[in-house]
Every structure is written in C-alpha cells, then in structure tokens.
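Numbering of the sequence shown is given in the numbering used here, commencing with residue 54 and proceeding in unit increments. Written below as structure tokens is the structure these notes are about.
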Amino acid sequence: NVLNYALIIVVLMMFANWALEIVKWQYLTRSLQKLSFWTATKSVFCGLTWAIFTPNRIGEYGGRIMLLKSDNRAKGAVLMGVGLFAQLVLTSFFGALSIAWFVTTFLDTPVAINFGIWMIAIIYALAFVVLYFNVHWVDYWVGKFKFLARIKPFFGVLLEVSQRELRYVLVLSLFRFIIFTTQYIILMVIILPDISLVAMVLMIFILFFVQAALPTLDIFDFSVRSFVASNLYAYITTQEIAVMAIVSCVWFVNLILPALIGSFFVLNVNYLGDSNT
C-alpha cells in the first residue's frame, strides 16, 4: 500500500528532523559545554516532552537546559533562543510572502492594495532576516531596562555568536523546514493528487506561520491546526476531512511521538542541579 510506505517515510523524516535539531543544539552550546550526541539527544527530547504542556512550547527551554551544568543553564537558554529564532525567521519569511500570494490570488482586492500587501510582506520578511543576523542587538536592548539588570550578563553570550555560526544554524534550520514541508507534501500528493503543487506548498507555509503565531498547547494543537488547514485548503479543494487527517497525522508524528520518547528521559533528569539555579 502506497500510503503505508508514505507514513513510514514521514516517521523516518521525523527522526531526521530531530537529528538536525540535536546537531544544532550541540553546535550552539559547544562554547559553554561539550555535549555528546547522546546527551544532546536526551536534552532535546526532554524539551519536547515539556513543550507539549506549555503555550507556544515555552516549556521546551526548561526541559532542554536541564542536562546542562547548572551554571550554564541561563546562557544555554539564550543560545537555544537563537536556534528557535532561526526557525522562526524561515517560518515568518516564507509565511509572509505566502500570505501576500494568498490575499492577492483568492481575495478580490484592488491592484493598489495588492501592491501594498506585497510591500508589507517583503519588508516584514526581510526584517526578520536583518534582526537574526544582528541578534546581538538583544543584548543591547536588555541593557536598556534596569529591571532586567540581573539577567543582562547572560545575554552577553550573544556577542560571541559570529555571522558564520548564525549562517550555519540558519542552514540547519532550513533543512528542518524542508523536512517539515516535505512530510505534508508526501501525504497530500498521495491523498489529494489533484491539488496544484505550488498552491499546496504555499498553503503549507501559511499554516506554519499561523501555528507559530497562535499561543496554543501542543497537546491540543491538532484541533487548531486542523481548523486553520481546512479553512485554507477550502480555497483549492473540497476534501476538508482529508486535509484535517493529514495535518493531525503530521502533528502526531512530529510532536506527540517525540514527546512520548522524551518522557523516558525526563524521569532520569536531575532537576535541581548542583547549585541554586
């Protein structure tokens, strides 16, 4: 059965996806603490387990840094933020341009408004790229607020992140983004073969963008994803149930399955560390 083989490929791609995230986490923390691939794996999967119970995956920070030495955890959280921001840059870049395409393609808007929408989308997308490659600005702005004085030293680690390192992290994030997208494409090509490939991919980018923007819990996120996807794809297909099934399947494979794996690691983590954290 073709669909069964497709599901196997989607699951294998999930492991490839998180392997890239593990490599990225190793790379980002190497100046703080050398992590073996196995330790980095436990760290990432612990983060995934905590992430599903917190809005916008904020718990991923706490879950992941617990396998760092207690003195490195605060700086590790800042560096983790760089990796997550790299992913957000790609989501925002492709999502903004895809939304401009969607509005100008499916909504009846005047030419002048279409031009304005494209300009806003391009500026929005490029702003994320500029901010990412100047991530050290965060350290500067944190220093501007007195109530953040206690955490200001931890953000100094951003000054040590080079442009070369930022490019490498962004490339790893791009490969992850391609994997995410390909998982959807594989299932949609088999289940919904009549959909235009270009429209299919751009709708996926919009779905990613909306997911990143909404403050939802991963454990209940399938309902939001399914609702958004069914409304988006209603413009190009009448198979809403199939779209919802595909989105729910990818949600389970990419988030719930890894979180279940991570739960085995969570039970063995020292949450107190060797000093006050």
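Glycine residues also receive a C-beta, built at the ideal position from the N, C-alpha and C atoms.
Note to self: Counting beta carbon pairs with one atom in the region 140–152 and one in the region 101–110, are three or more of them shorter than 8 Å?
What the structure shows: Result no; under three Cβ-Cβ pairs closer than 8 Å.
Checklist line | 7 Å CB neighbourhood of A265 in its chain, flanking five on each side removed | finding: Here the set comprises L141 and T144.
Checklist line | Nearest to M256 (by Cα), restricted to the options G112, L285, G100 and T157 | finding: Nearest in C-alpha terms to M256, of all of G112, L285, G100 and T157, is L285.
Next item on the list: Output the distance between the C-alpha atoms of Q292 and T269, rounded to the nearest integer angstrom.
Entry: Approximately 25 Å between the Cα atoms of the pair.
Note to self: If contacts are defined as beta-carbon pairs under 8 Å, then V222 and G136 qualify, I think. What distance do you get, rounded to the angstrom?
What the structure shows: Confirmed, Cβ separation roughly 6 Å.
Notebook entry, point to check: Going along the chain, which residues of its own chain have a beta-carbon closer than 6 Å to the beta-carbon of Y177, five neighbours each way excluded?
Noted result: Within the same chain, Y177 has close Cβ partners A149.
Notebook entry, point to check: Hey, quick one: how far does the alpha helix (DSSP H) through D274 stretch, first residue to last?
Noted result: Counting along the chain, D274 sits inside the alpha helix (DSSP H) bounded by residues D274 to Y286.
Note to self: Just to confirm, is the Cβ distance from V306 to V64 under 8 Å?
What the structure shows: Yes, Cβ-Cβ distance for V306 and V64 is below 8 Å.
Margin query: At the level of alpha carbons, what is the spacing between F181 and L132?
Written below: For F181 and L132, the gap between their C-alpha atoms comes out near 17 Å.
Notebook entry, point to check: Leaving out the 5 sequence neighbours to the left and right, which residues in its chain are closer than 7 Å to A252 when beta-carbon positions are compared?
Noted result: Counting only residues of its own chain and dropping the five nearest sequence neighbours on each side, A252 has a CB closer than 7 Å to the CB of I289.
Checklist line | Residues near L267 by beta carbon distance below 7 Å, same chain, minus five either side | finding: Correct list, in chain order: V277.
Check: Per DSSP, what kind of secondary structure is S316 in: helix, strand or coil?
Finding: Here S316 sits in helix by DSSP.
Next item on the list: Apply the 10 Å Cβ neighbour rule to I179 and answer buried if 16 or more other Cβ atoms are within range, or exposed otherwise.
Entry: The amino acid occupying residue 179 in the given sequence is Leu; Ile does not appear at that position. Exposed is the call here.
Next item on the list: Could you give the DSSP three-state label for I248: helix, strand or coil?
Entry: Reduced to three states, the DSSP call for I248 is coil.
Next item on the list: Measure the C-alpha to C-alpha separation of W154 and W171 and round it to an integer number of angstroms.
Entry: Using only the alpha carbons, I get a separation of about 8 Å.
Notebook entry, point to check: Short check: CB of V188 to CB of V214, under 8 Å?
Noted result: Going by beta carbons, V188 and V214 fall inside the 8 Å limit.
Notebook entry, point to check: Which one of F146, A312, Y80 and V300 has the shortest CA to CA distance from Q236?
Noted result: When only C-alpha atoms are compared, the closest one is V300.
Next item on the list: Say whether the region 189–196 touches the region 111–121, bearing in mind that this needs 3 or more beta-carbon pairs closer than 8 Å, one atom from each stretch.
Entry: The region 189–196, when compared against the region 111–121, does not touch it at the 8 Å Cβ threshold.
Item checked: Euclidean distance between Cα positions of R313 and T102 -> The displayed chain sequence assigns Leu, not Arg, to residue 313. Each residue's Cα considered, the two are about 7 Å apart.
Check: In angstroms, rounded to a whole number, what distance separates the CA positions of F208 and R217?
Finding: Taking the straight line joining both Cα atoms gives about 19 Å.
Note to self: Suppose you measure from the CA of F98 to the CA of K122; what does that come to, to the nearest Å?
What the structure shows: Cα-Cα distance, rounded: 17 Å.
Notebook entry, point to check: With a CB to CB cut of under 8 Å and the five nearest residues on each side skipped, what residues in its chain are close to I204?
Noted result: Cβ contact annotation for I204 (same chain, cutoff 8 Å, sequence separation greater than five): A127 and V195, in chain order.
Check: With 16 other CB atoms within 10 Å as the buried threshold, where does P163 fall?
Finding: Residue environment analysis places P163 among the exposed positions, since fewer than 16 neighbouring C-beta atoms fall within 10 angstroms of its C-beta.
Next item on the list: Determine the direct distance from the alpha carbon of L227 to that of S96, and round the result to whole angstroms.
Entry: Going by the C-alpha atoms only, they are around 21 Å apart.
Notebook entry, point to check: R126 lies in the alpha helix (DSSP H); which residues open and close that run?
Noted result: Looking at the DSSP string, the run of the alpha helix (DSSP H) that includes R126 is R126 to F159.
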